[in-house]
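Peer 1: Quick one: structure below, then a few questions.
Numbering (my numbering), first residue to last: 75 to 330.
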């Protein structure tokens, strides 16, 4: 039996869907619930996952935004009492530890991607390593992106990164507008990797590090790894699983 806690974004469309869902199934308090229904777009889902994951309950998203990659399609025919029979997908986020020019340290997690971006008119000057192995000695670019499989069809795809299967156990490292070396297209690495991105010229070429919607400016070094201790459990309708969505995006990309 599903006893959901229902939460929605504050826009008109989300509130309208919430009202329709609450006519179908009762909303319980967060403590008494066994599932969280999230109504909004991908951005609202990311915020909600981070805020409520400590309660160790699965999430079912209903899209009221644009694409809604992490969400399900709203339908009047959905049987909300059987949501727990959908496809369960567990996602571990990326974790970044950022050391700034002043040697302050900040930590944050990202479900989709971590992006390292130039924060001035000057291009970024970076070196990237994986453990003791150097991936690229000197990259001059607008930045670099490290993406999870769940995020590989988002910003990563827009900067021509590869689409990763949800069960691939891989991460994508992709340059953003690489100037030198021009032909470097990035690298696919294991999700056990410990990636370190260093700013070679923090005084003249400042950079920022962004984990989903959290930004840290004036970064000197960024350490990135998958945090296997954290699991986000998402439920998808059987005909609209996350893996199916990834395959659809792969097909669209191949056609282009």
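Backbone N, C-alpha and C define an ideal beta-carbon position, used for all residues, glycine too.
#1: Quick one: grab the DSSP three-state call for residue 331.
#2: For residue 126 and residue 110, which I take to be in contact (beta-carbon distance under 8 Å), what is that distance rounded to the nearest angstrom?
#3: Rounded to whole angstroms, what's the CA-CA distance from residue 190 to residue 291? Just pull it up for me.
#4: Kindly list the residues whose CB is nearer than 7 Å to the CB of residue 233, restricted to its own chain and excluding five residues on each side of it in sequence; keep chain order.
#5: With a threshold of 16 other CB atoms inside 10 Å of the CB of residue 192, please say whether the residue is buried or exposed.
#6: Straight-line CA distance for residue 308 to residue 146?
#7: Please report the distance separating the alpha-carbon of residue 329 from that of residue 178.
#8: Starting from residue 126, follow the alpha helix (DSSP H) in both directions and report where the run begins and ends.
#9: How far does the alpha helix (DSSP H) with residue 230 in it reach, from first residue to last?
#10: What does the alpha-carbon distance come out to for the pair residue 224 and residue 187?
#11: Grab me the residues of residue 286's own chain with a C-beta within less than 7 Å of its C-beta, minus the 5 sequence neighbours each way, in chain order.
#12: Counting C-beta neighbours from all protein chains within 10 Å, is the total for residue 170 16 or more, i.e. buried, or is it exposed?
#13: The beta strand (DSSP E) with residue 143 in it runs from where to where?
#14: Do residue 82 and residue 92 count as a contact pair if the criterion is CB distance below 7 Å?
#15: Go through its chain and collect everything with a Cβ distance to residue 238's Cβ below 7 Å, but skip five positions before and after it.
#16: Are the beta-carbon atoms belonging to residue 201 and residue 214 less than 7 Å from one another?
#17: Taking 6 Å as the cut-off, is the CB of residue 199 close to at least one heavy atom of the ligand FAD?
#18: Give me whichever residues DSSP pairs with residue 75 in a beta bridge.
#19: Report all residues from its chain with a CB closer than 6 Å to the CB of residue 273; omit the five preceding and five following residues, and keep chain order.
#20: Could you pull out every residue in the same chain whose Cβ sits closer than 7 Å to the Cβ of residue 89, ignoring the five residues on either side in sequence?
#21: Hey, which unbroken runs of the alpha helix (DSSP H) at 4 residues or more fall wholly within the region 205-292?
#22: For residue 299, which residues does DSSP report across the bridge?
#23: Taking Cβ positions, are residue 168 and residue 298 nearer each other than 7 Å?
#24: Buried or exposed, going by whether 16 or more other CB atoms sit within 10 Å of the CB of residue 205?
#25: Excluding sequence positions up to five away, which residues of its chain have a Cβ less than 6 Å from the Cβ of residue 98?
Peer 2: With the given structure in hand:
#1: The structure shown does not extend to residue 331, since the chain is modelled only from 75 through 330, so no value can be given for it.
#2: Locating residue 126 in the chain shown gives position 52, where the first residue counts as 1. Locating residue 110 in the chain shown gives position 36, where the first residue counts as 1. Contact holds; Cβ gap of about 6 Å.
#3: As a first step, residue 190 must be located in the chain shown, where it is residue number 116. As a first step, residue 291 must be located in the chain shown, where it is residue number 217. Residue 291 has its alpha-carbon roughly 10 Å from the corresponding atom of residue 190.
#4: Taking the first residue of the chain shown as 1, we reach residue 233 at position 159. Same-chain partners within the cutoff: 219, 248, 250.
#5: What you label residue 192 is simply residue 118 of the chain shown in a count that begins at 1. With 16 or more other Cβ atoms within 10 Å, it is buried.
#6: For the purposes of this step, residue 308 is taken as the residue at position 234 of the chain shown. For the purposes of this step, residue 146 is taken as the residue at position 72 of the chain shown. One C-alpha to the other measures close to 10 Å.
#7: For the purposes of this step, residue 329 is identified with residue 255 of the chain shown, where counting begins at 1. For the purposes of this step, residue 178 is identified with residue 104 of the chain shown, where counting begins at 1. Residue confidence for residue 329 is low, a pLDDT of 45 falling below 50, so the modelled location carries little weight and cannot support an answer.
#8: Position 52 of the chain shown, counted from the start, is the residue given in the question as residue 126. Counting along the chain, residue 126 sits inside the alpha helix (DSSP H) bounded by residues 116-126.
#9: As a first step, residue 230 must be located in the chain shown, where it is residue number 156. Looking at the DSSP string, the run of the alpha helix (DSSP H) that includes residue 230 is 229-232.
#10: As a working mapping, residue 224 is identified with position 150 in the chain shown. As a working mapping, residue 187 is identified with position 113 in the chain shown. Near 9 Å, if we compare the C-alpha coordinates of residue 187 and residue 224.
#11: Counted from its first residue, the chain shown places residue 286 at position 212. Excluding sequence neighbours, residue 286 sits near 120, 184, 185, 186.
#12: Mapped onto the chain shown, residue 170 falls at position 96. It is buried - the Cβ of residue 170 has at least 16 other Cβ atoms within 10 Å.
#13: The residue labelled residue 143 in the question sits at position 69 within the chain shown. Element bounds for residue 143: n/a, residue is neither H nor E.
#14: Looking up residue 92 in the chain shown gives position 18. Looking up residue 82 in the chain shown gives position 8. Yes; because the gap between Cβ atoms is below 7 Å, this pair is in contact.
#15: On the chain shown, residue 238 is found 164 positions in, with the first residue counted as 1. Cβ within range, chain order: 223, 226, 244, 246.
#16: Against the chain shown, residue 201 aligns to sequence position 127. Against the chain shown, residue 214 aligns to sequence position 140. No, Cβ-Cβ distance for residue 201 and residue 214 is not below 7 Å.
#17: Here there are no bound small molecules, and the ligand FAD is not part of this structure.
#18: Translated into the one-based positions of the chain shown, residue 75 becomes position 1. In the DSSP assignment, residue 75 is bridged to no other residue.
#19: By 1-based counting over the chain shown, the position of residue 273 is 199. Here the set comprises 281, 294.
#20: Counted from its first residue, the chain shown places residue 89 at position 15. Only 82 meet the Cβ criterion.
#21: 229-232
#22: The residue you call residue 299 lines up with position 225 of the chain shown. For residue 299, which the question treats as bridged, DSSP gives the partners 169.
#23: Here residue 168 corresponds to residue number 94 of the chain shown, with the count starting at 1. Here residue 298 corresponds to residue number 224 of the chain shown, with the count starting at 1. A contact, by the Cβ cut-off of 7 Å.
#24: Position 131 of the chain shown holds residue 205. When all chains shown are included, residue 205 counts as exposed.
#25: Residue 98 sits at position 24 when you count from the first residue of the chain shown. Here the set comprises 154.
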